[in-house]
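Chemist:
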Amino acid sequence: MVNYDKVEDTFFESFEGMYIRALITAEDELTVKQAAYDATATPSAVIGRVEAGVESFVDGSKTPDGRPGAIVQFWLTDNIEKFEVELSYRIRQDILVKPFTRVFSLNENPVGSIGMMKQVGHCGDGYEWEVEEYGRTMINVPIAVPDFQIESELGYSKGIMGGNFWYMCSTKEAVLEAGKIVIDTIMEVPGVCTPFGICSAASKPETNFPWIGPSTNHPYCPSLKDQLGDESKVPDGVNYIPEIVINAIDEESMNLAIKKAIDAIIDIDGVVKISAGNFDGQLGDIKTNLLDIL
């Protein structure tokens, strides 16, 4: 039985967003990983851009074209027109340029879809065409290493963003060991991604420099503990406060991923306390207490 004495009685905030769940395939696993990680780098929802993460990697038995693949998620909180443009940057610059890649839509029961011809298909400069393959309508974009293919419509759905927890550590070794276990554990839960991986920079809504966007959550910076005095919220014995941010297709999946991750690391040496980031309800409409999901 798991002992949750290390878990603080606090909550995290989350909020609704729109997501596209897509499948990238290629001829080999290395290309798939490069395309998946490149396309989901730079999580940017806090500055109004697309946020993304790798959900899992799958073998050819689970892909339409029988090749290795990666399930990825792309998220935005704003309008569909902006989503279409922002998403196209990730596809054009990070996936299309990798040899022999394809992109398929994976959203089940989407509330809508985004056409891929205008912002992606026309990379073929008018020479692109549609073809029926793999039981889907694919856009074939002629490129120098023939050819990139993408499903003509990528479905989008509503999900939940911004769930998080902190695992406060006394040692660098605990940060990295526990973090790897957390990411591996969460990747086993369908419908969930961690857009920041092990995030070393928790932020807060207010800032002295508005043009930057959210800035450092200074009361939780261990290097400022002596300088801040009573304002510091860093517990005794804690030298590092990594954060795990989670987006999910629904609240149930998010909570399950957080529970499994905490269970997997709570007894690791050097993990001092489990907590979560919140801003007294200012950030998200959904408030979830950690202890309620464990």
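Letter by letter, the sequence shown follows residues 99 to 392 in the working numbering. Ideal Cβ placement from N, Cα and C applies to all residues, glycine included. Just so we're clear, the structure is a prediction, and the values are computed from it rather than from any experiment.
On a Cα-Cα basis, can you pick out the residue from Glu106, Glu111, Tyr102 and Val100 that is closest to Glu380?
Modeler: Inspection of the sequence shows that residue 380 is occupied by Gln rather than by Glu. Among Glu106, Glu111, Tyr102 and Val100, the Cα nearest to that of Gln380 belongs to Glu111.
Chemist: Measuring CA to CA, which of Glu184, Phe377 and Gly224 is closest to Glu304?
Modeler: For the residues Glu184, Phe377 and Gly224, the minimum Cα distance to Glu304 belongs to Phe377.
Chemist: Could you tell me whether the stretch 366 to 377 touches the stretch 253 to 269, using the rule of 3 or more Cβ pairs below 8 Å?
Modeler: As far as the Cβ criterion goes, the stretch 366 to 377 touches the stretch 253 to 269, which means the pair count is three or higher.
Chemist: The alpha helix (DSSP H) with Glu286 in it runs from where to where?
Modeler: That residue, Glu286, is in no alpha helix (DSSP H); it is neither H nor E in DSSP.
Chemist: If you pair each beta-carbon of the stretch 221 to 231 with each one of the stretch 300 to 316, do three or more pairs fall below 8 Å?
Modeler: The stretch 221 to 231 vs the stretch 300 to 316: no contact.
Chemist: Going straight from the alpha carbon of Lys104 to that of Asp348, what length do you get?
Modeler: Distance between the alpha carbons of Lys104 and Asp348: 27 Å.
Chemist: Rounding to the nearest angstrom, what Cα-Cα distance links Gly151 and Ile284 in this structure?
Modeler: Their Cα atoms are separated by approximately 12 Å.
Chemist: Could you have a look at Phe181 and say whether DSSP puts it in helix, strand or coil?
Modeler: Three-state result, Phe181: helix.
Chemist: Are the beta-carbon atoms belonging to Val218 and Arg190 less than 8 Å from one another?
Modeler: Yes, Cβ-Cβ distance for Val218 and Arg190 is below 8 Å.
Chemist: Helix or strand or just coil, what does DSSP make of Tyr254?
Modeler: In the structure shown, Tyr254 sits in a strand (DSSP, three-state: E or B).
Chemist: Assuming Asn345 is part of the alpha helix (DSSP H), what are its boundary residues?
Modeler: No alpha helix (DSSP H) contains Asn345, which is instead part of the beta strand (DSSP E) from Glu341 to Ala346.
Chemist: Would you grab the beta carbon distance between Ala272 and Ile360 for me? Rounded to a whole angstrom, and I think it's under 8 Å.
Modeler: Actually they do not touch by this definition, with Cβ atoms about 14 Å apart.
Chemist: Following the continuous alpha helix (DSSP H) through Ile122, name the residue where it begins and the one where it ends.
Modeler: That residue, Ile122, is in no alpha helix (DSSP H); its beta strand (DSSP E) goes Phe109 to Thr123.
Chemist: Beta-carbon within less than 6 Å of Asn238's beta-carbon, same chain only, minus the 5 sequence neighbours each way: which residues are those?
Modeler: Contacts found: Trp227, Val229, Asp245 and Gln247.
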